[in-house]
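J.: Residue numbers (this note's numbering): 137 to 856. Take this structure, written in structure tokens, and hold onto it; I'll ask about it next.
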């Protein structure tokens with residue numbers, strides 16, 4: 137995409153000495169952060185001086201090609217409304233206008249460090265909450281800062297509403313994290329549950345690979361209430377399940393598989409703890425009973441179970457949110473994971489794989505490398521975690537604190553300050569409660585690209601973050617393949633997130649421990665694990681660096697002791713087996729089987745079920761509205777998807793302004809009648825400030841993971 141042939145953008149605030157049109161064009165490389173950083177889709181860009189003029193997909197990069205969001209990062213970079221200098225509020229909390237004024241970085245750091253030292257002395261370091269939202273890039277640096285300061289109370293958007301509940305379900309069941317895998321040559325059938333890879337999901341931009349597998353003969357079962365592009369283009373069987381009834385549908389499928397003897401009996405008897413209890417539990421979920429609860433016809437349930445269990449081996453793809461935004465999130469997702477398990481599809485070619493040789497000493501960036509992040513010190517401070525009592529199973533598995541009780545912790549005086557990178561209060565249900573709580577803190581700060589009134593009106597400081605073209609950290613890795621970046625000079629006084637965290641740490645008293653604020657030195661501290669430095673990444677910029685291993689790819693590693701840390705055969709669970717009956721959940725007093733819990737019921741007043749958070753390919757969360765007007769042209773406001781039958785009953789036609797109501801409030805949106813959603817269900821994208829759907833969602837949480845019930849709330853729609 138050539139800048140001169142697209143929408144007008146603002147001039148950068150710093151100008152090269154030589155006019156840009158006389159400078160030699162150079163090539164740079166970075167990653168898109170449009171989908172929270174974790175995908176790391178590669179961008180190759182062209183620049184004159186520090187002015188980026190053109191972007192394209194990074195050739196040969198593991199995650200490519202770019203989508204519309206990747207190209208729109210160029211317009212976002214030069215958006216005249218982006219933050220370019222630190223600001224502090226000058227009016228008291230609660231004032232309708234915070235009246236932010238420009239300040240220097242030195243003043244900003246003095247304010248931050250002054251509050252941190254005072255609060256540590258008066259209330260203890262654990263009374264400061266550290267948070268990373270979107271993008272996920274700062275997580276490692278902020279964890280290091282929190283641990284050094286002495287607070288285990290570090291949370292993220294993942295420990296609020298994204299992925300971690302599915303992660304928790306996998307740890308409780310398999311002992312390792314997985315969302316499944318793309319089909320391989322061996323895969324005969326795929327189960328895609330609660331995700332739409334045509335628009336989103338992991339691996340990213342993978343729909344073409346799924347289509348290639350279909351051409352090879354792979355069969356597809358897609359589970360989703362909506363007729364998504366994934367279901368429409370791939371599904372041999374599409375199960376349009378009632379929202380929040382996942383555990384019942386999975387039980388119904390397992391009922392058929394067990395009853396007809398289609399399960400892998402040897403694997404079940406040897407490697408599944410609680411297999412007899414599971415069989416007894418699902419025996420009650422006949423196809424007919426399952427149909428009444430889930431809306432899925434019994435014949436389809438039987439056909440799907442037979443297809444999945446007889447076309448061996450089978451694979452799985454699950455999403456980050458689709459199956460876990462209800463009040464039974466953890467056990468609903470555990471039920472899904474048991475379907476491939478009873479078929480014996482774990483760590484076999486074409487099935488659900490556990491990587492054989494992951495990068496030593498590393499974890500995905502949403503966790504961060506344990507040594508760099510001071511994970512051991514975090515564990516030593518565990519007694520001061522705020523979520524220990526409310527969510528003990530969660531606290532046992534994760535270093536991140538579950539954040540959804542932040543309102544209570546602030547109200548009770550347990551949290552006195554909040555340091556947030558890319559945080560957005562609209563992530564929480566009943567958003568206004570979190571705004572009020574954050575406003576009441578002794579100190580709060582936010583790091584962001586733009587001023588977001590719904591969040592920043594309630595904090596003391598707002599700091600300007602460098603964007604993806606202006607960042608060195610973090611580098612990207614895929615398996616054992618590592619890639620670096622070549623950033624331009626940040627606009628104005630912007631600093632990258634890592635630098636801000638490191639410089640705060642340095643001013644707290646140990647500059648050497650925080651690399652004197654040097655982002656490259658911090659990256660090198662991690663890269664040395666594999667005998668590398670950032671200079672090595674620069675030398676192999678486009679092709680990256682492959683870290684060699686002597687460990688050959690292998691399967692059924694649970695038989696040889698390659699999955700458990702102690703080297704013993706089995707799975708990394710307390711029993712050494714896949715746990716249909718979770719001993720960890722039993723220990724903490726939760727239902728140990730992946731049991732069904734009835735969601736909120738529709739009523740005469742609220743006869744529809746609301747799904748919020750369905751993805752669009754050109755939007756992620758609340759981003760890409762004013763940030764990149766190109767994308768705003770694709771959708772200018774909130775759209776409510778409603779089945780044509782339901783719309784007709786309410787005399788609603790396309791383009792009508794409608795009111796979406798729940799027992800907790802109402803918002804306005806534009807009607808979009810569509811068969812994508814079934815009768816009885818409506819769907820709306822989250823993140824619109826003028827129609828924040830989370831304001832009409834109750835603070836109702838899964839008791840195990842603490843995740844909100846975004847996809848089970850009864851509602852009604854009426855013409856405005």
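For glycine and all other residues, C-beta sits at the position ideal for the given N, C-alpha and C.
How far does the beta strand (DSSP E) with residue 557 in it reach, from first residue to last?
T.: Under the DSSP assignment, residue 557 falls in the beta strand (DSSP E) whose first and last residues are 553 to 557.
J.: Please list the terminal residues of the continuous alpha helix (DSSP H) segment that includes residue 251.
T.: 241 to 259
J.: Comparing alpha-carbon positions, which option in 643, 298, 315 lies nearest residue 252?
T.: 643
J.: Output needed for residue 843: all residues of its chain with C-beta closer than 7 Å, excluding positions within five of it in sequence on either side, in chain order.
T.: 297, 301, 460, 461, 465, 837, listed in sequence order.
J.: Cβ of residue 202 within 8 Å of Cβ of residue 179?
T.: Between residue 202 and residue 179, the CB-CB gap stays under 8 Å.
J.: To test your reading of the DSSP string, which unbroken beta strand (DSSP E) runs of 3 or more residues are found completely within the segment 752 to 793?
T.: 775 to 778
J.: Does the Cβ of residue 625 have 16 or more other Cβ atoms within 10 Å, making it buried, or fewer, making it exposed?
T.: exposed
J.: If we ignore side chains and look at the alpha-carbon of each, how far apart do residue 382 and residue 472 end up?
T.: 7 Å
J.: Going by the CB atoms, is the gap between residue 443 and residue 325 shorter than 8 Å?
T.: yes
J.: DSSP has residue 743 in a bridge; who is on the other side?
T.: DSSP output for residue 743 lists no bridge partner at all.
J.: Which of the three DSSP states is assigned to residue 805 in this structure?
T.: strand
J.: To the nearest angstrom, how far is it from the Cα of residue 793 to the Cα of residue 854?
T.: About 9 Å.
J.: From what residue to what residue does the beta strand (DSSP E) around residue 581 run?
T.: 579 to 584
J.: I need the DSSP call for residue 299, collapsed to helix, strand or coil.
T.: coil
J.: Report the three-state DSSP secondary structure of residue 844 (helix, strand or coil).
T.: strand
J.: What are the boundary residues of the alpha helix (DSSP H) that residue 404 is part of?
T.: Note, residue 404: alpha helix (DSSP H), 401 to 407.
J.: Express the C-alpha separation of residue 736 and residue 702 in angstroms, rounding to a whole number.
T.: 43 Å
J.: Which one or two residues does DSSP pair with residue 357 in a beta bridge?
T.: 327, 373
J.: Mind checking residue 163: buried by the 16 CB within 10 Å criterion, or exposed?
T.: By the 10 Å Cβ count, residue 163 comes out exposed.
J.: Considering Cα atoms alone, identify which of 675, 225, 323 is closest to residue 619.
T.: 675
J.: By DSSP, does residue 837 sit in helix, in strand, or in coil?
T.: strand
J.: Roughly how many whole angstroms lie between the Cα atoms of residue 612 and residue 176?
T.: 7 Å
J.: Taking the alpha carbon of residue 266 as the point to measure from, which residue in 433, 435, 582, 572 has its own alpha carbon closest?
T.: 582
J.: Over the uninterrupted alpha helix (DSSP H) stretch that includes residue 694, give me the two end residues.
T.: Looking at the DSSP string, residue 694 is not in any alpha helix (DSSP H), and its letter there is neither H nor E.
J.: Examine the Cβ distances between the segment 548 to 559 and the segment 311 to 324 and report whether three or more of them are shorter than 8 Å.
T.: no
J.: Where do the N-terminal and C-terminal ends of the beta strand (DSSP E) with residue 849 fall, by residue?
T.: 849 to 855
J.: Residue 564 to residue 406, Cα distance in whole Å?
T.: Taking the straight line from one Cα to the other gives about 42 Å.
J.: In whole angstroms, give me the CA-to-CA distance for residue 411 and residue 220.
T.: Rounded to the nearest whole angstrom, the CA to CA distance from residue 411 to residue 220 is 58 Å.
J.: Tell me the rounded alpha-carbon separation between residue 606 and residue 293.
T.: 23 Å
J.: Taking only runs that begin and end inside the segment 649 to 701, name each unbroken beta strand (DSSP E) of 3 or more residues, in chain order.
T.: none
J.: Report the option in 523, 262, 451 whose CA atom is closest to the CA atom of residue 841.
T.: 523
J.: Which same chain residues, not among the five before or five after residue 81, have their C-beta less than 7 Å away from its C-beta?
T.: The question about residue 81 has no answer here: the residues shown for the chain are numbered 137 through 856.
J.: With 16 as the cutoff for other CB atoms within 10 Å, does residue 205 come out buried or exposed?
T.: buried
J.: Would residue 747 pass as a contact of residue 817 if the rule is Cβ separation under 8 Å?
T.: yes
J.: Which same chain residues, not among the five before or five after residue 805, have their C-beta less than 7 Å away from its C-beta?
T.: Within the same chain, 774, 775, 776, 794, 796, 820, 827 come within 7 Å of residue 805 by CB-CB distance, once the 5 residues on both sides are set aside.
J.: So what does residue 166 bridge to, in DSSP terms?
T.: 179
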